[in-house]
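Chains as they are written, first to last, in the numbering used here: chain A, 53 to 268; chain B, 4 to 94.
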């Protein structure tokens with residue numbers, strides 16, 4: 053790495069402020085941003101986008117936007133909170149853009165769930181779970197299963213459930229963010245819940261006796 | 004009246020749709036009544052309802068659920084690419 057950007061780091065007069073916590077205006081040093089917040093930002097993005105490249109793109113756009121909008125950082129929040137706020141908008145923008153590019157038929161491809169027979173009765177009845185899954189949340193194995201199950205959903209369903217549950221956006225705001233109708237959103241959330249429930253059951257609760265691993 | 008009974012005895016798939024909808028908005032009084040009645044005798048749908056609530060708790064806490072090891076950190080290549088882009092923006 054060369055040092056040609058050292059002058060750029062002067063910015064706010066807090067030139068060598070690495071020892072200070074980030075309550076104040078950040079000195080404009082994107083390299084430090086990457087060092088201090090890169091992994092956190094990346095993880096935020098990949099949990100929501102489920103794709104390395106997309107997540108990297110979002111983080112890069114976030115940092116570029118932060119650089120351009122450095123004056124908007126008022127020091128009311130920590131630097132990290134400020135960056136995560138920008139990243140969140142970049143992630144939502146990506147979701148919206150991809151949502152526009154997908155046709156509805158891609159997302160709601162198979163109209164009926166295989167979990168019901170033609171009369172609409174359970175074909176694969178929900179089993180009793182031996183444990184409340186939120187008790188397992190911090191286990192690495194469980195984490196892998198949850199993220200895999202989300203990753204197996206059609207992206208339109210996964211985006212909808214992430215915005216609705218993880219971000220706890222009201223339904224109308226999810227519709228707005230993804231540019232879909234309320235009717236389409238109900239369907240997506242319903243299908244996402246059916247599939248996630250089933251996937252957790254197969255790959256976590258039934259795991260010791262599982263026959264096929266990658267069946268959602 | 005006939006429509007009402009058809010509704011009341013709709014198959015489980017319809018009730019799972021209502022149960023999902025109930026997670027996102029308040030159901031009408033009639034829908035709530037129908038769901039309550041149905042889950043009184045349908046063990047599978049009662050279980051489904053309970054598991055949807057558990058699922059919600061997991062999804063709300065997704066940021067604390069450990070990701071796959073390779074997805075936890077930004078790799079060096081990506082870091083270098085980003086730094087280069089940032090320097091182009093503000094040399």
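In this text, a Cβ means the ideal position worked out from N, Cα and C, and glycines have one as well.
Source: prediction; values computed, not measured.
Quiz item: If you check the beta carbons only, do residue 96/A and residue 76/B fall under 8 Å apart?
Solution: Here residue 96/A refers to the residue found at position 44 when the first chain is read from its first residue. Here residue 76/B refers to the residue found at position 73 when the second chain is read from its first residue. Using a Cβ distance threshold of 8 Å, residue 96/A and residue 76/B do not count as a contacting pair.
Quiz item: Got a sec: which bits of the stretch 37-54 of chain B sit with their beta carbon under 7 Å from any beta carbon on chain A, in order along the chain?
Solution: Answer set for the stretch 37-54 of chain B: 47, 50, 51 and 54.
Exercise. For residue 25/B, decide whether its Cβ has a neighbour in chain A, counting only Cβ atoms nearer than 8 Å.
Key: The residue labelled residue 25/B in the question sits at position 22 within the second chain. Interface flag for residue 25/B against chain A is unset, since no Cβ pair is found closer than 8 Å.
Quiz item: Within 10 angstroms of its Cβ, does residue 87/B collect 16 or more other Cβ (buried), or is it exposed?
Solution: Looking up residue 87/B in the second chain gives position 84. Exposed, by the Cβ-count rule.
Quiz item: Counting contacts by CB-CB distance shorter than 8 Å, is residue 31/B in contact with chain A?
Solution: Your numbering for residue 31/B matches position 28 in the second chain. Output row for residue 31/B: interface = no.
Exercise. Hey, could you find the ends of the alpha helix (DSSP H) residue 151/A is sitting in?
Key: Residue numbering aside, residue 151/A sits at position 99 when the first chain is read from its first letter. Looking at the DSSP string, the run of the alpha helix (DSSP H) that includes residue 151/A is 131-153.
Practice problem: Please check if any C-beta of chain A sits within less than 8 Å of the C-beta of residue 57/B. | Solution: Position 54 of the second chain, counting from 1, holds the residue named residue 57/B. Yes - at least one Cβ of chain A is within 8 Å of the one on residue 57/B.
Quiz prompt | Burial state of residue 36/B, where buried means 16 or more other Cβ atoms lie within 10 Å | solution = Position 33 of the second chain, counted from the start, is the residue given in the question as residue 36/B. The residue in question, residue 36/B, is exposed, as its Cβ has fewer than 16 Cβ neighbours within 10 Å.
Quiz item: When the Cα atoms are used, what is the spatial distance from residue 126/A to residue 119/A?
Solution: Indexing the first chain from 1 puts residue 126/A at position 74. Indexing the first chain from 1 puts residue 119/A at position 67. Spanning the two alpha carbons is a distance of roughly 14 Å.
Exercise. List the residues of chain A whose Cβ lies closer than 7 Å to the Cβ of residue 60/B, in chain order.
Key: In the second chain, residue 60/B corresponds to position 57, counting from 1. Ordered by position in chain A, the residues that pass the 7 Å Cβ test against residue 60/B are 186.
Quiz item: Is it right to say residue 84/B is buried, meaning 16 or more other beta carbons lie within 10 angstroms of its own, or is it exposed?
Solution: Numbered from its first residue, the second chain carries residue 84/B at position 81. Flag for residue 84/B reads exposed.
Exercise. Just mark residue 153/A as buried or exposed, buried being the case when its beta carbon has 16 or more other beta carbons within 10 Å.
Key: Indexing the first chain from 1 puts residue 153/A at position 101. Around the beta carbon of residue 153/A, a 10 Å sphere encloses fewer than 16 other beta carbons of the protein chains shown; the residue is thus reported as exposed.
Practice problem: Check whether the Cβ of residue 34/B lies closer than 8 Å to any Cβ atom in chain A. | Solution: Position 31 of the second chain, counted from the start, is the residue given in the question as residue 34/B. Residue 34/B does not count as touching chain A.
Quiz item: Does the beta-carbon of residue 213/A have 16 or more other beta-carbons within 10 angstroms, so that it is buried, or is it exposed?
Solution: The residue labelled residue 213/A in the question sits at position 161 within the first chain. Burial state of residue 213/A is buried, judged by a 10 Å Cβ sphere holding 16 or more other Cβ atoms.
Quiz item: Would you say the stretch 106-125 of chain A touches the stretch 135-150 of chain A, given that touching needs at least three Cβ pairs under 8 Å?
Solution: The stretch 106-125 of chain A makes contact with the stretch 135-150 of chain A: 3 or more CB pairs, one atom from each, lie closer than 8 Å.
Quiz item: Which ranges does the beta strand (DSSP E) cover as unbroken runs of at least 3 residues, wholly within the stretch 17-75 of chain B, from first to last along the chain?
Solution: With a minimum length of 3 residues, no continuous beta strand (DSSP E) run stays inside the stretch 17-75 of chain B.
Quiz item: Under 8 Å, do residue 151/A and residue 226/A count as touching if we go by C-beta distance?
Solution: By 1-based counting over the first chain, the position of residue 151/A is 99. By 1-based counting over the first chain, the position of residue 226/A is 174. Cβ distance not < 8 Å, so residue 151/A and residue 226/A don't count as in contact.
Exercise. Would you please verify whether the beta carbon of residue 225/A is less than 8 Å from any beta carbon of chain B?
Key: Taking the first chain and counting its residues from 1, one reaches residue 225/A at position 173. By this cut-off, residue 225/A is not an interface position.
Practice problem: Kindly indicate which three-state DSSP category residue 168/A falls into: helix, strand or coil? | Solution: Taking the first chain and counting its residues from 1, one reaches residue 168/A at position 116. Assigned with DSSP and collapsed to three states, residue 168/A falls in strand.
Quiz item: Between which two residues does the alpha helix (DSSP H) containing residue 98/A stretch?
Solution: As a working mapping, residue 98/A is identified with position 46 in the first chain. 82-101 is the span of the alpha helix (DSSP H), which, as asked, contains residue 98/A.
Exercise. Would you kindly work out how many angstroms separate the C-alpha atoms of residue 59/B and residue 172/A, rounded to a whole number?
Key: Position 56 of the second chain holds residue 59/B. Position 120 of the first chain holds residue 172/A. Going by the C-alpha atoms only, they are around 24 Å apart.
Quiz item: For residue 238/A, does the three-state DSSP call read helix, strand or coil?
Solution: The count along the first chain starts at 1 and reaches residue 238/A at position 186. Residue 238/A carries a helical assignment under DSSP once its states are collapsed to helix, strand and coil.
Quiz prompt | Contact residues within the stretch 65-89 of chain B, judged by C-beta distance below 7 Å to chain A | solution = From the stretch 65-89 of chain B, only 65, 66, 67, 68, 69, 70, 71, 74, 75, 76, 77, 81, 82, 85, 86, 88 and 89 have a Cβ closer than 7 Å to chain A.
Practice problem: Would you check if the distance between the CB atom of residue 84/A and the CB atom of residue 71/B is smaller than 8 Å? | Solution: Sequence index remark: in the first chain, residue 84/A carries index 32 (1-based). Sequence index remark: in the second chain, residue 71/B carries index 68 (1-based). 8 Å or more divides the Cβ of residue 84/A from the Cβ of residue 71/B.
Quiz item: Expressed to the nearest angstrom, what Euclidean distance is found between the alpha-carbon atoms of residue 258/A and residue 74/B?
Solution: Position 206 of the first chain, counted from the first residue, corresponds to residue 258/A. Position 71 of the second chain, counted from the first residue, corresponds to residue 74/B. Rounded to the nearest whole angstrom, the CA to CA distance from residue 258/A to residue 74/B is 25 Å.
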